[in-house]
Every structure is written in structure tokens, then in C-alpha cells.
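Q: One structure, pasted below without further comment.
In UniProt numbering, the protein residues as written are 1 to 354.
Here it is as C-alpha cells:
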């Protein structure tokens, strides 16, 4: 299966789709540091002596350029999947929430890619802020323009006026030469086995002529199962050799919640959410440099501090959203809240486990 990915970043989504069986004909990313990360992984994957890296990136064709400047006509053949995460700053907690008014809004470029490449399917990943109440009309515009990519806005037509046109067309039942069945869902990475509470909106579309019957995969992990293993069976604490005296007290809220589970929960229970402790318990404390130095990128970073809204991730919960950027950017955290009530930064190696 052939694919094209836009706004590739360091390649996280592209690795996932490659593992799922897609061969990337082109990946487009303008950020030089992200491209350098991909090339470094490519070099490592080709080096038998290093024995590291991600093998699926080895033969990727990465175009270091702005998506606006990429010529879609250079992509040969039918495309099975067009994927990407248009810049999230216009919709994120850390951004200005400008949406369509923000020059970083690259959804129109993704619409163009769908129009020109006519993929069998597309996949978009973005921040949960895309579903904010104040963006609800623009989100409808996004989904309708994806459903009817050839119905383009007129010169100088506002997105509001174009939305009205799209709504009339969509409700008319008119058959398009190119149209897509579009669905979306807010997913939490912790529900699928990642030790991080990372919520993202996924928009999926299949070309209408394929009559595809597709649905989002069901969750494989749950908070309820974690609560059960902690406070009903104690299996979680036993797995980590935490004695009764060293276990935290169960809050009244959790006690009430666990009592409502009922005996029949066992038969339908998923796996428990993975926690920070699950992810990093095999790593030595980074404060002990003599031992930690044997682990690549496991270096203690001093001067972490907590303040309102920035208190770190609890050891026995999935981590808060791993943020991009520097310390102090809202919307995510790179700190661990220790049982001693102190905080420290996650090392690069620990962050990679999340």
C-alpha cells in the first residue's frame, strides 16, 4: 500500500503507518531539526554495528520543505493513504487559538492534497482543542471540505460563506466525482497502552466509491482496570514490590468508584492503563550519575520546580501529555512528581518511554 505524509515532524505517525503496512512515497516536513532526527534514525537503522534505530525509516524519501511548496504532481501512481497532522498551534492550549485566522492553519493545504492526490483514504491527527466550542463551526467546515474536496471556495470567499455552500451541497444528496465518507473521534493514548494521557482528535475519510465499512478500534486499556489492580486485587503494587506500608492511601472518591464496579466487571475488563512506574521502573535514578551514565540520554536535569498548573506527572498514573518546546509552555509537562513531594524533569530516555 502506498502513502504520502504531510507535516511529518520527527516521524511518529509515519512509523505507525509504516508498521501497519504502508510504503511512504514522500514525507514532507520543513523543520530542519525534525528532518535531522529522521535522517539520524535512518543512519542508525543502516548501521549493523550500532544496532539501534527504527528499521522502517531506512528508505524513507524525506522532503525538507514547506508543504505549501511541495508539488503533488511529482507523486506517481494511485495513493492508498494521505496522512498528516497539520500544525496544531492554531487550536492548541499552548497556541493563540486563532484557527482559520492563524497563518499556521494548514488545513487548506491538506484539502488541496486530497483534491490532487485523490487517495483512497486519509488520516489526520490533531490536538483536542480542535473540538473546542468556539471552533465548532470551523471544525464542521474542515469535515465538510474533506467530504467534498472539489467544491472549492471562490476567490475572496470567506470560510463562513463557503461553509454555507458546503452545507447546502452536502444536504442536497448530489453525487460528486470525488467525495469521502468522513468520521472522527477523540482518542486517549492511555486507552491503547501508552503510559501517557495524550488526547488527540483523529479524522478519517474513505473515498465514497470504495463503500468502505470502517470503525475506530476499541480501547485495549482502561483506568477502571488500573483502579481494580491497585485497590481491589493489589496486583499493581505487588508487581512493583511495594509493601502495604509504602502504598498510598486510597481516597474516598476512589473507594466509592471501586465499590460501584461490581463483580461482573472482571469478565469485561481490559488491560490496566500503563503508568509512569511501569514505563521507567527498570531505569536507575538519574541523580546517581555513576550508574545512570551507562544508559544513553539518561542525564539528570536540575532546577525543576512546580507551580499552579505545572505540578508534574504522578508516578502511579499515566504521565500527563508530553509537551513540545521548553519548560513553562502550557498544555503539557516534562516533570515527574516524586513520592517525596519533590519534582524533577524526566530525562530524555524516560520521556522516550512515554
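We put the CB at the ideal spot given by N, CA and C, even for glycine. Here the structure is a predicted model, which means the values were calculated and not measured.
#1: Within 10 angstroms of the Cβ of residue 350, are there 16 or more other Cβ atoms? Answer buried if so, exposed if not.
#2: How many angstroms separate the CA atom of residue 31 from the CA atom of residue 230?
#3: Helix, strand or coil for residue 371? Go by DSSP, reduced to three states.
#4: Taking only three categories from DSSP, how would you classify residue 37?
#5: On the CB-based measure, 16 or more other CB atoms within 10 Å of its CB, does residue 61 come out buried or exposed?
#6: At a cut of 8 Å, does the segment 1 to 16 reach the segment 108 to 120 through at least three beta carbon pairs?
#7: Return the CA-CA distance between residue 12 and residue 202, expressed in angstroms with no decimal places.
#8: Please report the residue range of the beta strand (DSSP E) in which residue 152 lies.
#9: Excluding the five sequence neighbours on either side, which residues of its own chain have a C-beta within less than 8 Å of the C-beta of residue 131, listed in chain order?
#10: Does the contact criterion of 3 or more C-beta pairs under 8 Å hold for the segment 175 to 193 versus the segment 330 to 346?
#11: Answer with buried or exposed for residue 99, where buried requires no fewer than 16 other C-beta atoms within 10 angstroms of its C-beta.
#12: Is the segment 109 to 116 touching the segment 64 to 81, taking contact as three or more C-beta pairs under 8 Å?
#13: Please report how far the alpha carbon of residue 6 lies from the alpha carbon of residue 80, in whole angstroms.
#14: Assuming contact is defined by CB atoms lying nearer than 7 Å, are residue 221 and residue 189 in contact in what I supplied?
#15: Which class does residue 205 belong to by DSSP, given the choice of helix, strand or coil?
#16: Tell me whether residue 172 sits in a helix, a strand or coil according to DSSP, three-state version.
#17: Does the distance from the C-beta atom of residue 225 to that of residue 180 stay below 7 Å?
#18: Pull up the distance between the alpha-carbon of residue 169 and that of residue 206, whole angstroms please.
#19: When we look at the beta-carbon of residue 320 and count the other beta-carbons within 10 Å, is it buried (16 or more) or exposed?
#20: Count the other C-beta atoms from every protein chain shown that fall within 10 angstroms of the C-beta of residue 253, then say buried if there are 16 or more, exposed otherwise.
#21: For residue 175 and residue 165, I'd like the C-alpha separation in whole angstroms.
A: If we stick to the structure as given:
#1: Within a 10 Å sphere around the beta-carbon of residue 350 sit 16 or more other beta-carbons, which makes this residue buried.
#2: So the alpha carbons of these two residues sit roughly 43 Å apart.
#3: For the chain, the structure presents residues 1 to 354; residue 371 sits outside this window and is missing.
#4: Helix, per DSSP.
#5: It is exposed - the Cβ of residue 61 has fewer than 16 other Cβ atoms within 10 Å.
#6: With a cut-off of 8 Å, the segment 108 to 120 and the segment 1 to 16 count as touching, because enough Cβ pairs lie within range.
#7: So the two alpha carbons sit approximately 14 Å from each other.
#8: Note, residue 152: premise wrong, no beta strand (DSSP E); not H, not E.
#9: Excluding residues within five positions, the ones whose Cβ falls inside 8 Å are 139, 186 and 201.
#10: Touching, no.
#11: Here the model assigns residue 99 a pLDDT of 43, short of 50, so the residue's position is not dependable and the matter cannot be decided.
#12: Look at the beta carbons and you see the segment 109 to 116 touching the segment 64 to 81: at least three pairs across the two are nearer than 8 Å.
#13: For residue 6 and residue 80, the distance between alpha carbons rounds to 14 Å.
#14: Taking C-beta atoms as the reference points, residue 221 and residue 189 fail to come closer than 7 Å.
#15: Reduced to three states, the DSSP call for residue 205 is strand.
#16: Three-state DSSP puts residue 172 in a helix.
#17: It is not a contact, given that the beta carbons lie outside the stated cut-off.
#18: Whole-angstrom Cα-Cα distance: 19 Å.
#19: The residue in question, residue 320, is buried, as its Cβ has 16 or more Cβ neighbours within 10 Å.
#20: Label assigned to residue 253: exposed.
#21: Distance between the alpha carbons of residue 175 and residue 165: 15 Å.
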